[in-house]
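Student:
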Amino acid sequence: MNRTNVNEADLHAYVDGHLMPHRRAEVEAYLEAHPDEAARIAAYRRFDASLREAYAPWLEAPVPAHLHDPVVRTAWPRRIAAAAAWLGIGVALGWSLAGRQVAVPGFDERLVHDASRAHAVYAVEVRHPVEVGAEEEAHLAAWLSKRLGAELRPPALGEAGYHLVGGRLLPADDGPAAQFMYEDGGGRRLTLYVRRATADTGTTAFQYRSDGDLGVFYWIDGSFGYALSGELPRAQLLHTARVAYRGFNP
C-alpha cells in the first residue's frame, strides 16, 4: 500500500476512532509498513489520551445552575451562546504534566503543555521536522526574531552533544512561538520552545515536569519563557538546559 492510498485525513480519523473496520485495517497495514508514520500516529494518540484524562472532570460535571435559567431554555440564540461560552471555558482550562492537577492554567502550565505537544508532533517527523533548516540559520534567526519581536538566535548545544536541525514558527494562545530542534549523533532529538511570557517576571530557576519518558525543563527569563523537551534522563536534560540558558545569556 503506498501513501496515496492513505491520506492525512485517514490518519487523523484513525487516531479519533472514526474509520470503518475495513478502512481501519488498511490504515493499520500502511502503518505497519511505515514505522516512521506509525511513530508519529502513536505520539498523536498519547497526546489525545492525555487531553481526555485532563478534561474528564469537566465532561462529567453537571451543567452550571445559571445555564438552567428558563429564559435561556426558551431563547435558542442565548442557549447556544451560553453553551458555547461554557465550552470555551472548558477548552481554556489546562493540565499539568506533573500531577494532572485540575486548575486554570498559569503561564508555566501553558508553556509546558504547548512545548511538549509541539515536541510530540514534530520530533518524530523524518522528512519535514523543521520549516527552516540549520543551513539557513541566519535566516531562521532573523525571521523568528521579527515575528517574536526580539533578537532570537538558536543557542549552540554542541557542549551537550547536540547539533541544530532547524526551527519553525508555531502559534501560541496570545501570539507566535518558536521551536528549535536539535539532534545528537544517535538520532535522538530535543526541542527548545520559546514564547513571550504574559508579564516580565525577571528570571526564574529551572523547573522540571515529566510525562512518561518525556521530560521538560523550563524557565522564564525576563519577558520570555523557554522549555526544553526530550526523552532523556533528568540530569542529562538539566545539563543541556543549562547549556541552552548560557547560549541565550552569553
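Just so it is clear: in the sequence shown, position 147 is 147 by our numbering, and no numbers are missing. Glycine residues also receive a C-beta, built at the ideal position from the N, C-alpha and C atoms. Bear in mind the structure is a predicted one, so any value in this text is a computation, not a measurement.
#1: Cα separation between R147 and A39?
#2: Assign P171 to buried or exposed, taking buried as 16 or more other Cβ atoms, counted over all protein chains shown, within 10 Å of its Cβ.
#3: Do you know how far the Cα of V126 is from the Cα of H22?
#4: Determine the direct distance from the alpha carbon of V15 to that of R46, and round the result to whole angstroms.
#5: Between which two residues does the alpha helix (DSSP H) harbouring E8 extend?
#6: Looking only at DSSP bridge pairs, what is V216 linked to?
#7: Among A42, F107, L31 and D36, which has the Cα closest to the Cα of T198?
#8: Can you tell me the Cβ-Cβ gap for A178 and V124, rounded? I've got them flagged as a contact below 8 Å.
#9: Taking just the CA atoms, how far does R242 sit from L144?
#10: Quick check on the burial criterion: 16 or more other C-beta atoms within 10 angstroms. Buried or exposed for T191?
#11: Pick helix, strand or coil for P154, following the three-state DSSP scheme.
#12: In its own chain, which residues sit with a C-beta less than 7 Å from the C-beta of L31, not counting the 5 before and 5 after it?
#13: Could you tell me the distance, in whole angstroms, from the CA atom of A98 to the CA atom of S210?
#14: Pull up the DSSP beta-bridge partners for V132, would you.
#15: Under 6 Å Cβ to Cβ from Y245, same chain only, skipping five residues before and after it: list those, please.
#16: Buried or exposed for P154, going by 16 or more other Cβ atoms inside 10 Å?
#17: Applying the 10 Å Cβ sphere with the 16-neighbour rule, what's the burial state of A33?
#18: Straight-line CA distance for T240 to L140?
#19: Given G185, which residues of its chain have a CB within under 8 Å of its CB, disregarding the five upstream and five downstream residues?
#20: Closest to A134 by CA distance: which of G158, L157 and G166 is it?
#21: Taking G230 as the reference, give the member of V132, E26, D173 and Y208 with the closest Cα.
#22: Could you spell out where the beta strand (DSSP E) holding R189 opens and where it closes?
Tutor: Concretely, from the data shown:
#1: Here residue 147 refers to the residue found at position 147 when the sequence shown is read from its first residue. Here residue 39 refers to the residue found at position 39 when the sequence shown is read from its first residue. Their Cα atoms are separated by approximately 31 Å.
#2: Locating residue 171 in the sequence shown gives position 171, counting from the first residue. Looking at its Cβ environment, which holds fewer than 16 other Cβ atoms inside 10 Å, P171 is exposed.
#3: For the purposes of this step, residue 22 is taken as residue 22 along the sequence shown, with counting starting at 1. For the purposes of this step, residue 126 is taken as residue 126 along the sequence shown, with counting starting at 1. Rounded to whole angstroms, H22 and V126 show a C-alpha spacing of 28 Å.
#4: Your numbering for residue 46 matches position 46 in the sequence shown. Your numbering for residue 15 matches position 15 in the sequence shown. For R46 and V15, the distance between alpha carbons rounds to 10 Å.
#5: As a working mapping, residue 8 is identified with position 8 in the sequence shown. Looking at the DSSP string, the run of the alpha helix (DSSP H) that includes E8 is E8 to D16.
#6: Along the sequence shown, read from residue 1 onward, the residue named residue 216 stands at position 216. Answer is R209 and S229.
#7: Mapped onto the sequence shown, residue 198 falls at position 198. The candidate whose alpha carbon is nearest that of T198 is F107.
#8: Position 178 of the sequence shown, counted from the first residue, corresponds to residue 178. Position 124 of the sequence shown, counted from the first residue, corresponds to residue 124. The beta-carbon distance between A178 and V124, rounded to whole angstroms, is 19 Å. This is too long to meet the 8 Å contact definition.
#9: On the sequence shown, position 144 is the one that residue 144 refers to. On the sequence shown, position 242 is the one that residue 242 refers to. Going by the C-alpha atoms only, they are around 22 Å apart.
#10: The sequence position of residue 191 within the sequence shown is 191, counting from 1. That one is buried.
#11: The residue you call residue 154 lines up with position 154 of the sequence shown. Looking at P154 - three-state DSSP - the assignment turns out to be coil, as it is neither helix nor strand.
#12: Numbered from 1 along the sequence shown, position 31 holds the residue referred to as residue 31. Once the five neighbours on either side are set aside, the close Cβ partners of L31 are E37, A38 and I41.
#13: Counting from 1 along the sequence shown, the entry for residue 98 is found at position 98. Counting from 1 along the sequence shown, the entry for residue 210 is found at position 210. The predicted model places A98 with a pLDDT of 37, which falls under 50 and marks its position as unreliable, so this point remains unresolved.
#14: Counting from 1 along the sequence shown, the entry for residue 132 is found at position 132. For V132, which the question treats as bridged, DSSP gives the partners G167.
#15: For the purposes of this step, residue 245 is identified with residue 245 of the sequence shown, where counting begins at 1. Taken in chain order, the list of residues that qualify is empty.
#16: Taking the sequence shown and counting its residues from 1, the one referred to as residue 154 is at position 154. By the 10 Å Cβ count, P154 comes out buried.
#17: Position 33 of the sequence shown, counting from 1, holds the residue named residue 33. With fewer than 16 Cβ atoms within 10 Å of its Cβ, A33 is classed as exposed.
#18: Here residue 240 is taken as the residue at index 240 of the sequence shown, counted from 1. Here residue 140 is taken as the residue at index 140 of the sequence shown, counted from 1. Answer to the nearest angstrom: the Cα atoms are 21 Å apart.
#19: To locate residue 185, count along the sequence shown from 1; it is residue 185. Excluding residues within five positions, the ones whose Cβ falls inside 8 Å are G161.
#20: One-based indexing of the sequence shown puts residue 134 at position 134. If we check each option's Cα against that of A134, G166 comes out closest.
#21: Counted from its first residue, the sequence shown places residue 230 at position 230. Distances from the CA of G230 to each of V132, E26, D173 and Y208 were compared; the closest alpha carbon is that of Y208.
#22: Counting from one through the sequence shown, the residue named residue 189 turns up at place 189. R189 to R196 is the extent of the beta strand (DSSP E) around R189.
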